[in-house]
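Structure first, commentary second.
Protein chains: 2
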Amino acid sequence: MSKVDLKMLATQLDVSVSTVSKALRDSHEIGANTKARILEKAKELGYRPNPYASYLRHHKSKTIALIIPKIDNSFFLQVIDGAESVAREKDYHLLIYITHEDAEKEKSLIQHLQNGRVDGIIMSVSLKIGNYNYLEDCIRNDVPIVFFDRVCHEVETVKIITDDYASGFVATEHLIKNGCTNIGYLSISDNLSIGVKRKNGYLEALNKYDLKFKEENIVKCSGDDQENYENIKALLSGPEKVDGIFAAVELFALNTYNVCRDLKIRIPEDLKVICFSNLHTAEFLNPSLTTIHQPALEMGVMAATTLFKHLDKKKVPMVNENIIIKSTLEIRESSTTRREP
Amino acid sequence: MSKVDLKMLATQLDVSVSTVSKALRDSHEIGANTKARILEKAKELGYRPNPYASYLRHHKSKTIALIIPKIDNSFFLQVIDGAESVAREKDYHLLIYITHEDAEKEKSLIQHLQNGRVDGIIMSVSLKIGNYNYLEDCIRNDVPIVFFDRVCHEVETVKIITDDYASGFVATEHLIKNGCTNIGYLSISDNLSIGVKRKNGYLEALNKYDLKFKEENIVKCSGDDQENYENIKALLSGPEKVDGIFAAVELFALNTYNVCRDLKIRIPEDLKVICFSNLHTAEFLNPSLTTIHQPALEMGVMAATTLFKHLDKKKVPMVNENIIIKSTLEIRESSTTRREP
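In the order they appear, the protein sequences are chains L and W.
Quick note: the first sequence, position 294, residue 296 per my numbering, numbers continuous.
Quick note: the second sequence, position 2, residue 4 per my numbering, numbers continuous.
Pasting the structure below:
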């Protein structure tokens, strides 16, 4: 069977295409009987309006984009789940783009998406983002952006974040209360708001408990396992024994587990470990991993809900605000004591 | 700045909209000088053709859909990564839909997507799928479908699968060679091709090694953690001691770890465990988990590549074939012996 379109309906009903089109849009120019006859036939043949033709009439793509820097991470996974559920409820479609931390790719993507393909964007920025103008241009061109997690504070819009500073403090304080006095911080780029805030929480906790901050205890990590492995190994082989590790993202904690295995450093006996993570296997790791659990699903839901609120009543500008959903400390063996086997 | 469209270009250049449109399509009706002038202005103002208007001319949405049954699973995550990378390379957009194992949702989605929103579909079917007609209708309506993993063998098209039968055999044989004689199988629905094949591999291995098949050793699992927990607990508390578990998907292995912890069953001493999984934390679990590692990323890449091959040279019908990418056995502690601490 060929596709059912306006023309086919018109031929079968022996009316003009324009009559069919008007009837389907419930125009007052078409009489009630004709309208009923057309609607019935459309239903019978399974007519589905073409979204592209529909776009040209209503200027709505019924599509939003979710842009994430990477996908090998339980946090972003749960965000997708949350955003998708809201989009589906709203009868919207969700495009996924992964920038792989490439700022140039992110820029060209954002520019491209202003051509009407999407009604709005939910995004977490890439690591190496520099100049933010293209994000502001996008919003000015009437394609609103809601940030989540890795936000861009310079751009005026809604940002869905967790309490990164407070959580960084809580994580570090937890290590201190469990006896750590020389704590390493495995940092994500200082280019990112979350990187800066988590680090500041760490610094504040050291300060509160009169522990000396040492520049050499900060290890800049990346998405490269091998590089992280070498850098963490250097930290843990240093002259002053590091007894605690706070990792800004879960990958760095797994890299630490690798190093400890090879250097025969026992977790938690010799080294206590805590990290930001949404791993559903955290409790089964050896040892089970203490985490700062981010409300990832909730952040995805909130980001999409906020975007739709704006899309629903157009022309209301997006308010410049931070919506903060709190993370929770989930204490397990890696930062305390090993469970009896 | 308002959006740059054909009309704005025409006004600024003092030519007709039709001239601009023809020039941008490189029509022979427009002289070289005018064309150059229009292209330059379009570039200067950052004109981006509207995808919806473009669709109506070319009948291509430049969009494909990826439909998955759930997202809390490392396998599907890597498939998204693979499919997204191919789509981007092809300058295509990727829509994501999660059916949450709801066959009705899947059906209505597939029907909806035939309205021109996408050029093709990559999908893994939901658990409770019954009648497949709507999938055949979709392909007949010129929206090709490529299946991966959970395929529908009744529908004639390309299916990207792994060697589920052989892998099920290898997994079970591995347990037998490590001393197991009473092996439980945690099964995914018999409605799914992968469920049937993995189970048949298990049965064949039992047969080869003269082990008796016991109906009560098959536990039907689902996406419900609590239900799985209870069913696995019943199996492991039974009168005849089960000494090996082959789990069809990773969730069931994690459920098993939970039960063993609570019943104080030691893995691997009392019970050996193996499962299909792509968990990147498998090596860090306690004990580290032996897995059948599926080529998830490769399957995502292959599914997208195959779909694009078809889209590129339209009208060539999709061949009814299975493309098999092999899984690998990754032996760790859970099925052998515990590493020294």
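Every residue gets a Cβ at the ideal spot worked out from N, C-alpha and C, and that includes glycine.
- Cβ contact annotation for E103(W) (same chain, cutoff 8 Å, sequence separation greater than five): P71, K72, S128, L129, K130 and G225, in chain order.
- For L313(W), there is no enclosing beta strand (DSSP E); the enclosing alpha helix (DSSP H) has its first and last residue at A298 to D314.
- Taking one beta carbon from each stretch, the stretch 326-338 of chain W and the stretch 165-174 of chain W have 3 or more pairs nearer than 8 Å; the two touch.
- Of all alpha-carbon atoms in R50(L), Q296(L) and V261(L), the one lying nearest the alpha-carbon of E229(L) is that of V261(L).
- The Cβ neighbour count for F310(L), taken over all protein chains shown within 10 Å, is at least 16; the residue is labelled buried.
- Per DSSP, reduced to three states, the secondary structure at E156(W) is coil, with no helix or strand assignment.
- For a Cβ distance threshold of 9 Å, nothing in chain L lies close to Q14(W): the least Cβ distance comes to about 18 Å.
- Between the beta-carbon of I32(L) and that of I69(L) there is about 43 Å, and that puts the pair past the 8 Å contact cut.
- Inter-segment contact for the stretch 277-290 of chain L and the stretch 277-296 of chain W is present: three or more beta-carbon pairs are separated by less than 8 Å.
- S189(L) is bridged by DSSP to K222(L).
- In chain order, N180, P270, K274 and T292 place their CB closer than 8 Å to the CB of T338(W), counting only its own chain and leaving out the 5 sequence neighbours on each side.
- Among the residues facing chain W, L41(L) is not included, as its CB has no counterpart in that chain under 9 Å away.
- Going by C-alpha positions, K62(L) is about 22 Å away from G302(L).
- Residues of the stretch 280-310 of chain L whose Cβ lies closer than 9 Å to any Cβ of chain W, in chain order: L281, H282, T283, A284, E285, F286, L287, N288, P289, S290 and L291.
- The beta carbon of E91(L) does not come within 9 Å of any beta carbon belonging to chain W, so the residue lies off that interface.
- Any Cβ of chain W closer than 9 Å to the Cβ of D83(L) would place that residue at the interface, and such an atom is present.
- With respect to chain L, the C-beta atom of N324(W) has no partner C-beta closer than 9 Å.
- In the three-state reduction of the DSSP assignment, I326(W) falls in the strand class.
- Judged by beta-carbon spacing, L208(W) lies within the 9 Å limit of K214(W), meaning their Cβ atoms are closer than that value.
- Per the DSSP secondary-structure output, A249(L) pairs in a beta bridge with L188(L) and C277(L).
- When beta bridges are read from the DSSP output, T293(W) appears opposite C277(W) and E332(W).
- Approximately 4 Å separates the beta-carbon atoms of E252(L) and S279(L); this is inside 8 Å, confirming the contact.
- Out of A44(W), S239(W) and T258(W), the CA that lies nearest to the CA of D227(W) is found in T258(W).
- Chain order gives no chain L residues near R152(W), where near means a beta carbon separation below 9 Å; the closest approach is about 19 Å.
- Here C223(L) has L188, N230 and F254 as same chain residues with Cβ atoms under 6 Å from its own Cβ, once five neighbours each way along the sequence are excluded.
- Within its own chain, the residues whose Cβ lies closer than 8 Å to the Cβ of V120(L), once the five positions on either side in sequence are excluded, are S63, T65, I66, A67, L97 and V145, listed in chain order.
- Contact of G122(L) with chain W by beta-carbon distance below 8 Å is absent, the smallest such distance being about 15 Å.
- Flagged as an interface residue toward chain W: N117(L), by a C-beta distance shorter than 9 Å.
- The closest CA to that of K107(L), considering only T164(W), V17(W), S87(W) and D74(W), is found on S87(W).
- For L96(L), the beta-bridge partners assigned by DSSP are I66(L).
- Taking C-alpha positions only, L265(W) is separated from G246(L) by approximately 33 Å.
- By the rule that beta-carbons nearer than 9 Å mark a contact, D226(W) does not touch chain L.
- In the three-state scheme derived from DSSP, where H, G and I count as helix and E and B as strand, V148(W) is classed as strand.
- Interface flag for H176(L) against chain W is unset, since no Cβ pair is found closer than 9 Å.
- By the 16-neighbour rule on beta-carbons within 10 angstroms, A305(L) is buried.
- For I100(W), the nearest CB of chain L lies under 9 Å from its own CB, placing it at the interface with that chain.
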